[in-house]
Amino acid sequence: MLEVGNKIPMGIQGFEGLRKDRYVYVDKTAYIYRLVHEGKPYFLSRPRRFGKSLLLSTMKAYWEGKKELFSGLAIQELEGNNPDAWKPYPVFLFDFNGANYQQMGALEEIIDEQLRRWETNYDVSANQGNLGERFRRLILEVNKKLDKRVVILVDEYDKPLLDVVDNSEIQKHNKGVIKGFFSTLKSFDEYIQFIFITGVSKFHKVSIFSDLNQLRDISMSEAYACLCGITEKETDDFFAEEVSAFAKRRRMTISECRASLRKHYDGYRFHPDGEPVFNPYSLLGALLEKEFGDYWFETGTPAFLVKKIRESQFDLRSFSDQSIFANEALLKDYTGDNLDPIPILYQTGYLTIIGYDMKRRRYTLGFPNEEVKYGFLESLIPSYIPMATAGHKMDIFTLDEYIENGELDKIKNLLTGLFANIPYTLESDPFEHYFQAVIYLVFTLLGKFVLCEMHTYTGRIDCKIETKDYIYLFEFKRDDTAEAALKQIESKDYALPFIADTRKLIKIGVSFDSATRKLVGWEVA
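In the numbering used here, the protein residues as written are 6 to 530.
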């Protein structure tokens, strides 16, 4: 019997090695049992680093009949005395991770390499036909030789498409390769025992979906909402000692530590009624390092996504207003041909489900947690405010220092410098969009260090900042006067809630001019 693991499995994607080397395995095998006994062809979309590769590796071990690896796991009890359980099947696991698809023909080389390995293992000729024909022959001959259906697992099918999203020629070519290769699955149903395909996005009009009409998309299924990711209960069940050690290192209570872990890494929902899950890569990284780091953001936000947000003139304030809406069709399909960033933001894990209107069948989306919120907004800064760097003394850390110390002239000069360096662009990318974006980015990111609230609705102060010694009330005006902004603070009694507060209250009216793209007014009271 395998011993219970005690090592944190950060970055471990192979189930067999994980079990044999005694890493902790968060038991998802009850889901696998349900999948293999309910149907055949499935598709699952989840963000990167969410455990998809480990899931497929676990399925591979199950279908290969490696019963000893599942000792003590839920599926062992569920299978019970089933005479058909643990019979080995030939498994073809296509892994599209880890390759560079920037060159034409790279995808074909990866498929060819994997086919050759299986053709050698099963003594099947590799000298005839294109990739699709070779795959069909492989399935037929293995079925004939072993008298068994085959199992087909596909990990990150869309990586050859997402990697070249800015190269339409190669992406179009790779779509054609995928169409020609996986169209085999449609007419070979009698030879296939099980199919499971994963990816980040579900590309509309890609043959893997249009040809497989019976493919069941469980990406937004309540029953499988926690198939990938780690729930809070699973954190308690499998990592209680690690959370306790983390709390001790950070001089926190266990309750405080759990709350901070939730705030930083929890909050993903893949169904409105589904249980929220932690990003597993970030949670395991935090438990391993005992630091609240930005583990998921080590590789940064894809440049194409930043570009798409800029080109669509997306109102960044929507991220905090809970005013991002979508229906299921939009969230499931990604064409890559339009400017709407919402589906790709959802599918890549920057947004998640935070609400659902059953009557309108409409989802409300928002950031899942603080790691994603601040990491994502920080990745937008170079595009909107290229001079907002430490070297220019116009970064968020410097602004935080000035805010903490009540240095009003320096705050004014920093904001003036930020807007003075906003690049001139085409009329299709107006200053209004920049004005809103820069204000939102700067002050929302400031909220990582101080209590800072941004508002965009009439009748509420634009920005409120609280530090140990100061309370700041900001009102921003575009193409109006700073005096008018300050007058609004006074006339609306924005300061009234702080009348008994012992901290120094500072009211600031700021005005910007669209024609000159400059901060032109600053009034303090």
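Just so it is clear, CB atoms sit at the ideal spot from N, CA and C, and this is done for glycine as well.
- Reducing DSSP to helix, strand and coil, say where Leu446 ends up. helix
- Compare the C-alpha of Lys512 against each of Ala79, Ile470, Glu69, Asn374 and name the closest. Nearest C-alpha to Lys512: Ile470.
- Separation of Leu370 from Ile347, as counted between CA atoms: 9 Å
- Task: In angstroms with no decimal places, state the Cα-to-Cα distance between Lys164 and Tyr379.
- Result: 26 Å
- Task: Report yes or no: is there a C-beta of chain C within less than 8 Å of the C-beta of Glu124?
- Result: The structure shown contains no chain C, having only a single protein chain.
- Task: Identify every run of the alpha helix (DSSP H) within the segment 241-285, keeping only runs that are complete inside it and at least 4 residues long; order them along the chain.
- Result: 259-270
- Message: Taking a contact to mean a Cβ-Cβ separation below 8 Å, would you say Leu120 touches Phe101 in this structure?
- Response: No, these two residues do not count as a Cβ contact at 8 Å.
- Message: Could you give the first and the last residue of the continuous beta strand (DSSP E) run that contains Phe479?
- Response: 475-483
- Message: Please return the same chain residues whose Cβ sits closer than 6 Å to the Cβ of Gly185, not counting the five positions on each side in sequence.
- Response: The beta carbon of Gly185 sits closer than 6 Å to those of Gly137, all from its chain and outside the five residues before and after it, given in chain order.
- Is the segment 159-176 touching the segment 107-114, taking contact as three or more C-beta pairs under 8 Å? yes
- Query: Shortest alpha-carbon distance to Glu239 belongs to which of Lys253, Phe283, Ile197?
  - Reply: Phe283
- Give me the Cα-Cα distance between Asp518 and Asp485, rounded to the nearest whole angstrom. 8 Å
- Neighbourhood of Gly290 by C-beta, 6 Å cutoff - its chain only, sequence neighbours within 5 removed: Met15, Tyr300
- Which residue's Cα is closest to the Cα of Ala530: Tyr355, Ala500, Asp467? Ala500
- Message: How far does the alpha helix (DSSP H) with Tyr67 in it extend, from its first residue to its last?
- Response: Looking at the DSSP string, the run of the alpha helix (DSSP H) that includes Tyr67 is 57-68.
- Message: Taking the alpha-carbon of Tyr445 as reference, which of Leu49, Glu383, His397 has the nearest alpha-carbon?
- Response: Glu383
- So which of Tyr273, Leu220, Lys253 has the shortest CA-CA distance to Glu237? Tyr273
- Message: Which residue marks the beginning of the alpha helix (DSSP H) containing Tyr368, and which one marks its end?
- Response: Segment 367-371 is the beta strand (DSSP E) holding Tyr368; no alpha helix (DSSP H) there.
- Query: Can the beta-carbon of Leu450 be found less than 8 Å from the beta-carbon of Ile504?
  - Reply: no
- Assign Lys207 to buried or exposed, taking buried as 16 or more other Cβ atoms, counted over all protein chains shown, within 10 Å of its Cβ. buried
- Message: Taking the straight line between their C-alpha atoms, what separation do you get for His438 and Asp467?
- Response: Rounded to whole angstroms, His438 to Asp467 spans 16 Å at the Cα level.
- Item | Sub-8 Å separation of Met225 and Phe275 beta-carbons | yes
- According to DSSP, residues forming a beta bridge with Gly360: Thr369
- Is the CB-CB distance between Leu404 and Ile390 below 8 Å? no
- Could you please give me the residues that DSSP links to Lys71 through a beta bridge? Paired residue(s): none; Lys71 is not in a bridge.
- Task: Use the C-beta contact count for Leu151: other C-beta atoms within 10 angstroms, 16 or more gives buried, fewer gives exposed.
- Result: exposed
- Task: Grab the span of the alpha helix (DSSP H) containing Pro165 for me, first residue to last.
- Result: 164-167
- Beta carbon of Ile259, beta carbon of Val248: below 8 Å? yes
- Message: According to DSSP, simplified to helix, strand and coil, what is Gln176?
- Response: helix
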